[in-house]
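Taking the working numbering, the leading residue of the sequence shown gets 78, the next gets one more, and so forth.
Built from N, CA and C at the ideal position, the CB exists for glycine as well.
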Amino acid sequence: MTDPTITDLRRELEKAREALAAAETQLARHAEMNAALHCAERVMYSPLHAKVTAAIAGIEHALDRTDRPNVPTLNYQSSDGPWAALAADLDRCQHGRHQDDPCGPADACTGTSAGNPHLRPGQVIGYGLRGDRIVMPDRDHKHDPAAWRATPEGDTP
Numbered sequence: 078m079t080d081p082t083i084t085d086l087r088r089e090l091e092k093a094r095e096a097l098a099a100a101e102t103q104l105a106r107h108a109e110m111n112a113a114l115h116c117a118e119r120v121m122y123s124p125l126h127a128k129v130t131a132a133i134a135g136i137e138h139a140l141d142r143t144d145r146p147n148v149p150t151l152n153y154q155s156s157d158g159p160w161a162a163l164a165a166d167l168d169r170c171q172h173g174r175h176q177d178d179p180c181g182p183a184d185a186c187t188g189t190s191a192g193n194p195h196l197r198p199g200q201v202i203g204y205g206l207r208g209d210r211i212v213m214p215d216r217d218h219k220h221d222p223a224a225w226r227a228t229p230e231g232d233t234p
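And the structure:
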C-alpha cells in the first residue's frame, strides 16, 4: 500500500504540473502572437517560458521517482469523460481519501476514511427524467452506472 503522504505529494505535483502546462501554453501562444504581429521570421520565447518548461520537467522527474498509488484512477481522456470521474470521487472525505481508505495521522479521520459525510451509500441525491431515484452507491458498485439508479433499501420505486 502506498504511503498517504506520497499520495498527497503526487496529487499536488499533478495539480502543479497541470497549472504549469497551461501557463507554458499561454506563454508560447503569446510569443507566437508577438512574432506574427511583427512579421518576425522566428519566435522568441521568453526566459519565463524556459523556466516553466524546466519546472514541468522537474515535476515529471519527481513523479517518476515516487510510487504510484495502488488505487485505480479514471482517465479523464477516456470515453467516460470527466463526469464519470467526478461521480466516482463523491465518496471521498475532506482529505481526498475514498471511504475505508487509510487517512494520514494528521487527518481528522483517525486512521481510516469515513468517506463523504454529506453523501452516505443509499442516500437519494437526485431524480431522473421519469422520477427514478439517483442514489449514492456503495464503494464496490460506484463504477456501475446501474447502481446509481437503484432505490435505497426498503424503499419502493
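Cα-Cα separation between residue 212 and residue 162, rounded to whole angstroms: Sequence index remark: in the sequence shown, residue 212 carries index 135 (1-based). Sequence index remark: in the sequence shown, residue 162 carries index 85 (1-based). Approximately 16 angstroms, taken between the alpha carbons.
Beta-carbon separation (whole angstroms), residue 226 vs residue 208, contact threshold 8 angstroms: Within the sequence shown, residue 226 is the residue found at index 149, counting from 1. Within the sequence shown, residue 208 is the residue found at index 131, counting from 1. At roughly 12 angstroms, the Cβ-Cβ gap does not stay under 8 angstroms, so residue 226 and residue 208 are not in contact.
Delimiting residues of the alpha helix (DSSP H) encompassing residue 210: For the purposes of this step, residue 210 is taken as residue 133 along the sequence shown, with counting starting at 1. That residue, residue 210, is in no alpha helix (DSSP H); its beta strand (DSSP E) goes 210-212.
Under 7 angstroms between C-beta atoms of residue 97 and residue 134: Along the sequence shown, one-based indexing puts residue 97 at 20. Along the sequence shown, one-based indexing puts residue 134 at 57. No; because the gap between Cβ atoms is not below 7 angstroms, this pair is not in contact.
Residue 188 - partner residues in DSSP beta bridges: On the sequence shown, residue 188 is found 111 positions in, with the first residue counted as 1. For residue 188, which the question treats as bridged, DSSP gives no partner whatsoever.
For residue 124, the three-state DSSP class (helix, strand or coil): Position 47 of the sequence shown holds residue 124. Three-state DSSP puts residue 124 in a helix.
Beta-carbon contacts of residue 90 that lie in its chain and below 7 angstroms, excluding the five residues immediately before and after: The residue labelled residue 90 in the question sits at position 13 within the sequence shown. Within the same chain, residue 90 has close Cβ partners 136, 139, 140.
Distance, residue 167 Cα to residue 220 Cα: Position 143 of the sequence shown, counted from the first residue, corresponds to residue 220. Position 90 of the sequence shown, counted from the first residue, corresponds to residue 167. Distance between the alpha carbons of residue 220 and residue 167 is about 11 angstroms.
Residue range of the alpha helix (DSSP H) that includes residue 219: Residue mapping note: residue 219 aligns to position 142 of the sequence shown, counting from 1. Residue 219 -> no alpha helix (DSSP H), and no H or E assigned at all.
Proximity below 7 angstroms, CB of residue 216 to CB of residue 171: Walking along the sequence shown from the start, residue 216 turns up at place 139. Walking along the sequence shown from the start, residue 171 turns up at place 94. In this structure, residue 171 does not lie closer than 7 angstroms to residue 216 by Cβ.
Between the CA atoms of residue 173 and residue 155 - distance to the nearest angstrom: For the purposes of this step, residue 155 is taken as the residue at position 78 of the sequence shown. For the purposes of this step, residue 173 is taken as the residue at position 96 of the sequence shown. Caution is warranted here: a pLDDT of 46 is assigned to residue 155, below 50, making its placement in the model unreliable, and the coordinate value is therefore given only provisionally. Approximately 22 angstroms, taken between the alpha carbons.
Residue 122 and residue 112 closer than 7 angstroms at C-beta: What you label residue 122 is simply residue 45 of the sequence shown in a count that begins at 1. What you label residue 112 is simply residue 35 of the sequence shown in a count that begins at 1. Going by C-beta atoms, residue 122 is not nearer than 7 angstroms to residue 112.
Rounded distance between the beta-carbons of residue 87 and residue 130, thought under 8 angstroms: Residue numbering aside, residue 130 sits at position 53 when the sequence shown is read from its first letter. Residue numbering aside, residue 87 sits at position 10 when the sequence shown is read from its first letter. Not really, about 21 angstroms apart at Cβ, beyond 8 angstroms.
DSSP bridge partner residues for residue 203 (one or two, in chain order): As a working mapping, residue 203 is identified with position 126 in the sequence shown. 211.
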